[in-house]
Structures are given as structure tokens and as C-alpha cells.
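Report on the following structure.
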Amino acid sequence: MDVERIQKIFPKYFENFQLPEAAIEQEIEVYRACPTGKIEKASFLNTYEENGFKVPPDKDIDDPQVYCMSTFFRLKDVRRFVILESKFQRPWLLARGHTTKVDGKSCKTRDWKKQRGSHVDWWLYVDAKPWMAFEETDYEFEYEHFPERR
Amino acid sequence: MSLNTNIFLNEDENLGPLYLDMVFVEATRPLFFTCVDCNDRMYACSCHCADGEKCQWVVAPTTCEKIIDVLTDRIPIRDVFNSSEGTTFLVTLYTGSSKKVVEQFNLRQLPEDILPTPGYYMEAEDGEFDEEIAELRNRQENAVIVMHNVKSFFASCQFFSIQVKLPVISLTETKFMEEDSRDYCLPVAVGV
Chain U
1 MDVERIQKIF
11 PKYFENFQLP
21 EAAIEQEIEV
31 YRACPTGKIE
41 KASFLNTYEE
51 NGFKVPPDKD
61 IDDPQVYCMS
71 TFFRLKDVRR
81 FVILESKFQR
91 PWLLARGHTT
101 KVDGKSCKTR
111 DWKKQRGSHV
121 DWWLYVDAKP
131 WMAFEETDYE
141 FEYEHFPERR
Chain X
1001 MSLNTNIFLN
1011 EDENLGPLYL
1021 DMVFVEATRP
1031 LFFTCVDCND
1041 RMYACSCHCA
1051 DGEKCQWVVA
1061 PTTCEKIIDV
1071 LTDRIPIRDV
1081 FNSSEGTTFL
1091 VTLYTGSSKK
1101 VVEQFNLRQL
1111 PEDILPTPGY
1121 YMEAEDGEFD
1131 EEIAELRNRQ
1141 ENAVIVMHNV
1151 KSFFASCQFF
1161 SIQVKLPVIS
1171 LTETKFMEED
1181 SRDYCLPVAV
1191 GV
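Taken in order, these protein sequences are the chains called U and X. Using our numbering, read the first sequence as starting at 1 and increasing by one per residue. Using our numbering, read the second sequence as starting at 1001 and increasing by one per residue.
Given below as C-alpha cells:
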């Protein structure tokens, strides 16, 4: 299914919660840490699918963040995330890209709840291909060439 | 005693209760943060895992000084846990359960990958943690130093500024009229 024909519908389990009002179709420059080490579909799943269609025990079923894909707009925050998360071991793959209008709705988490950091929630449509908007990059390269994104 | 009501861990035979204190890194949940207990002792906490089966945190006793060191990039993040003086705890919440399980470990017993990746610093931006560092330094300055020796227990102390609410009694009506809040500056001696 090509980009023009992606239907703007969310998965059926999105009935479990209400999208924040701040979530809109927009482009935000973000970073994604790829758990498979590759830029591929399996590294760009929303958290619910990544967790085997289960809700983590510290979350409620109607928490919007159970169903988003996590990205960050600041380089240091994606790095800190990888340092702390045990599933990411060296070497880990850093991808730079942007949220897209055709693949879902997104917003900065701080736009709808009190939070520090640069986490961006991206709620993906069925058959979305968010990885198509990303490319592999390197932390040191990003740090040196894009200081405004640190 | 902490007035923080944002509880992270209910009382367990090994640990707690613990109350959420400062959050330094978060995504969809706090990832690196501190908690305090009822005696305002501080603990460094790292959520290394959160999936459909469980959420798990590494919790280690720490100090204001250590947290300041990590926020000012004097030490790597992992060293907050490496250098803890006391036992390290694994706190786990399993899917289907409402109660967190606490296990006690020697730090060397823990798998390497559940601790923060070694050698990495916070790399804080200028001013990013100024508020937290100021608060931590304030706590350091107001800490009571308790010492004891073999022959006797004693405590050195500093002057505390405290607010005391006192009932005001009317002499004519012999009943409590109101609460009166006053600021006192008292030397406080603590016996151990």
C-alpha cells in the first residue's frame, strides 16, 4: 500500500483510550532508538504491539502512552533512554527522522502532560510505515553537526 | 518525615515505603529518579525494564552528594548505583499483580545489563538541573549529623527553622479557638 493510499484509521484497540487533543498530523524532527538494530518495521512498532498486545503492569488500559511509539526530539534524551533501558546494548542503532502526517498523529508529551525531557508520542495508523521517514545516523555526528538538537 | 504523598513503593519487609522525589529522565514513565523514605533517606532508582510481563526497577541507597555528582557530570550515571553504601534492591511489578515485590541483592549479584550502561554521563545542558541541585544542596545544609561513640550516644545538631502549629485556647470560653502558626528557630537535639 503506497503512501497516498494509507487509510487514516487507527488500530481497533485504540478504542481503549482517548487521544490527547494536542495530537495532530504534523512533522516533528525526532530520534528513534531501534531495538532490532535496523531501520525496519520491527523497530518502529508502537509500545502496545512491542509488548505483545499487553499493557505494562504500571499503566492503565486507557493510558494513551501504552499505544504510542516513543521518539525524542533531543539527542541527549534518546541517549539517556538507551543507557537506562536494559534491552539496548552496545552497539545500538540511532535513527533520525520525523513524524509524518500520513502515518499518524503526534505531539510532544509536554504539550499534554507535565513531564521533563523531549519525549514525543506518535500514534500510528494501520499500515503506517514510519520507518520510511528515518535514516541511520551516529550519535557523535549528530552531536557535532546539530547542536540545536542536543 | 516526608510529606510527599506520591508513593512509589508501599511498605515491604525489606524496604519502604518509598515516595517519589525527583525525576531526572523520563519517557512514558520515570526512568531515572530518586525516592525518599519516611526518614528522608534517599534512594536512586532506575527503571530498566517495562513490558507486557513486568516492570522492574533497580533501587539503591544514595546521598544528595552522589546525585549532585551525577547531575554535574562528575560521575557516570551507573556509579550512583555502584557506589551505594548499602544493599541494592530489585523492585518488580508483575502483570496481574498490584503489589511490588522487593528483593535484596549485593550489587555484584545483579546482571550487568540491568544497570545503566557503564561510562555514560548525564551530559546535562547548562542549567538543566539547577533547581534540583539547589534543592539537594539545601538538604545537605539542613541535615542533622548524628554521631555516636562506644561510651555514649550523642548528637550534634544545627539550628532548624521550623513552623509549629499551636492550638489557641480562649481563657473565657475554655475551648480551642484556632490554630496559630508561628515560626521558631530552635536547637534540636536528637538522641540515638
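C-beta: ideal position from N, C-alpha, C; glycine also. Model, not experiment: these values are computed from the prediction.
Within a 10 Å sphere around the beta-carbon of N1014 (chain X) sit fewer than 16 other beta-carbons, which makes this residue exposed. Residue nearest to D1012 (chain X) within the set X:E1026, X:R1029 and X:C1038 is X:C1038 (criterion: CA-CA distance).
Along the stretch 1024-1106 of chain X, the beta strand (DSSP E) occurs as fully enclosed runs of 3 or more residues at 1030-1036, 1042-1050, 1054-1062, 1088-1094 and 1101-1105, listed in sequence order.
The CB of F1032 (chain X) comes closer than 9 Å to the CB of R80, I83 and L84 in chain U, given here in chain order. Beyond the five residues adjoining it in sequence on each side, R1029 (chain X) comes within less than 7 Å, by CB distance, of C1047 and A1050 in the same chain, given in chain order.
Here P1116 (chain X) is buried. Its C-beta has 16 or more other C-beta atoms within 10 Å. In the structure shown, I28 (chain U) falls within a coil segment according to DSSP collapsed to helix, strand and coil. Proximity of S70 (chain U) to chain X, defined by a Cβ-Cβ separation below 7 Å, is satisfied. With distances taken between CA atoms, G117 (chain U) lies nearest to U:R149 out of U:R149, U:G97, U:P35 and U:T100. Proximity of G97 (chain U) to chain X, defined by a Cβ-Cβ separation below 7 Å, is not satisfied. Distance from K1054 (chain X) to L1009 (chain X) at the Cβ level is roughly 15 Å; contact not present, criterion being Cβ atoms closer than 8 Å. Counting along the chain, T47 (chain U) sits inside the alpha helix (DSSP H) bounded by residues T47 to E50. As DSSP reads the structure, D121 (chain U) sits in a beta bridge with U:S70 and U:C107. Neighbours of Q65 (chain U) in chain X, taken as residues whose beta carbon is under 7 Å from its own, are T1028 in chain order.
It is roughly 7 Å from the alpha-carbon of T1087 (chain X) to the alpha-carbon of A1060 (chain X).
Using a CB distance cut-off of 7 Å, P57 (chain U) counts as an interface residue toward chain X. G52 (chain U) places its beta carbon less than 7 Å from that of G1052 (chain X). Per DSSP, the beta bridge partners of L94 (chain U) are U:A33 and U:T137.
Note that the stretch 92-103 of chain U does not touch the stretch 12-23 of chain U; fewer than 3 beta-carbon pairs, one per stretch, sit closer than 8 Å. Straight-line spacing of the CA atoms in R1078 (chain X) and F14 (chain U) works out to 37 Å. In the DSSP annotation of this structure, the continuous segment of the beta strand (DSSP E) that includes L1009 (chain X) starts and ends at I1007 to L1009.
Residues of the same chain with a CB within less than 6 Å of the CB of W112 (chain U), apart from the 5 flanking positions on each side, are P20 and A22 in chain order.
Residue contact with chain X for N16 (chain U): absent (no Cβ-Cβ distance below 7 Å to any residue of chain X). Under the 8 Å Cβ criterion, the stretch 85-97 of chain U counts as touching the stretch 31-47 of chain U, having at least three qualifying pairs. The residue among X:D1069, X:C1045 and X:C1035 with its C-alpha nearest the C-alpha of A1124 (chain X) is X:D1069. The beta carbon of E1132 (chain X) sits closer than 6 Å to those of M1022, all from its chain and outside the five residues before and after it, given in chain order. Put simply, of X:N1138, X:P1017 and X:Y1120 the residue whose alpha carbon is nearest the alpha carbon of R90 (chain U) is X:Y1120. Among the residues facing chain X, H119 (chain U) is included, as its CB has a counterpart in that chain under 7 Å away. In this structure, the straight-line span from the alpha carbon of E29 (chain U) to that of A1143 (chain X) is close to 45 Å.
The secondary-structure analysis by DSSP pairs L1018 (chain X) across a beta bridge with X:L1009. At a C-beta separation below 9 Å, Y1094 (chain X) has these neighbours in chain U: P57.
At a cut-off of 7 Å between beta-carbon atoms, G104 (chain U) makes no contact with chain X.
For the C-beta of G52 (chain U), the chain X residues within less than 7 Å are, from N- to C-terminus, G1052. V1036 (chain X) and K8 (chain U) have their C-alpha atoms roughly 46 Å apart.
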